[in-house]
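Read through the structure below, which is laid out as structure tokens, and then see the notes.
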Amino acid sequence: ITGVFRVNGGTLRGGTWNVAPGTRAFTSSSGNILDGVTLNGDLRLGSTSSTVRIRNGTAISGVIDLAANSVRVGFEGTQTLMTDVVQTGGTFGTLSIEGDATLTVGAGTSITGTRIDIGGAFAVGGTREFVNDGEIVANAADNTGIRLNSLNSAINNGTMRATNGGRLLVNSTDGTFANAGTMIAEGGSDISILANNWTNTGTIAATGSTIRFIGTYSTGDTG
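The opening residue of the sequence shown carries number -9 in the working numbering; numbering runs sequentially from there.
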């Protein structure tokens, strides 16, 4: 294929996608779907409001790159994310959970950026659960930061880190939150846990940074 392969409200189902990096593009349509596709290379959302929904074991050999303003990646159905997510451009990205589903960030997998919403839905409503077994890193200063947002429940078994003035927020729109892993704020950063009900059986630590607790909670080790 020469030129750009553009997805505009269509579904790619099955098979292997070998289109060269930089020659695949997604419009803002919520009907852009990768269904059981093996994508060799990066999934780069490089234009404003680029949108794609991922379902049925779609596998990406590179990274998911949130490279433009207001881009959206929707994870439809229960699945484990084994592809790193990076934010290399733009001011805001969304990783949504579509339908009645649980999205798990797999061990050894990371989500890194400055301003990303994790949770909510833009296409299919339902009960949304989120589990982090990997690492979530807010890596630069931003008033909004990385937010767990509009989730029925969220669990951190891995690491959630705010660094270089970054911000991590478990929002008041979340039902329950449980930290069984590690949450670290360092370098003038901020971690805020605002969920209605939450528990801590892991570690929450700050070095030259701020930790904010709001809501009803019980806690084990903080320091």
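All residues carry an ideal CB built from backbone N, CA and C; glycine is no exception.
Can you tell me which of G4, F16, V9 and G12 puts its alpha carbon nearest to the alpha carbon of N(-2)? F16
Beta strand (DSSP E) segments (min. 3 residues) lying fully within the stretch 44 to 77: 54 to 56, 61 to 66, 69 to 71 and 75 to 77
Drop a sphere of 10 angstroms on the beta-carbon of N133, count the other beta-carbons inside from all chains shown, and report buried for 16 or more, exposed for fewer. exposed
Within the chosen definition, does the stretch 27 to 42 reach the stretch 5 to 14 through at least 3 CB pairs nearer than 8 Å? yes
Can you tell which of V53, G192 and G109 has the C-alpha that lies nearest to the C-alpha of L159? G109
Assuming N147 contacts N161 under a Cβ cut-off of 8 Å, what Cβ separation, rounded to an integer in Å, is found between them? Actually they are not in contact, since the Cβ atoms of N147 and N161 sit about 19 Å apart, beyond 8 Å.
For T41, three-class secondary structure by DSSP: strand
Apply the 10 Å Cβ neighbour rule to R62 and answer buried if 16 or more other Cβ atoms are within range, or exposed otherwise. buried
Give the secondary structure of V9 by DSSP, where H, G and I count as helix, E and B as strand, and everything else as coil. coil
Just curious, the beta strand (DSSP E) that I106 is in, first and last residue? I106 to G109
With C-beta atoms as the reference, is I214 less than 9 Å away from V121? Given that the chain is displayed from residue -9 to residue 213, the structure contains no residue 214 and the question cannot be resolved.
Given a threshold of 16 other Cβ atoms within 10 Å of its Cβ, counted over all protein chains shown, does G80 qualify as buried or as exposed? buried
Bridge partners for V95 per DSSP, in chain order? L71 and N122
Could you tell me the distance, in whole angstroms, from the CA atom of M72 to the CA atom of S143? 21 Å
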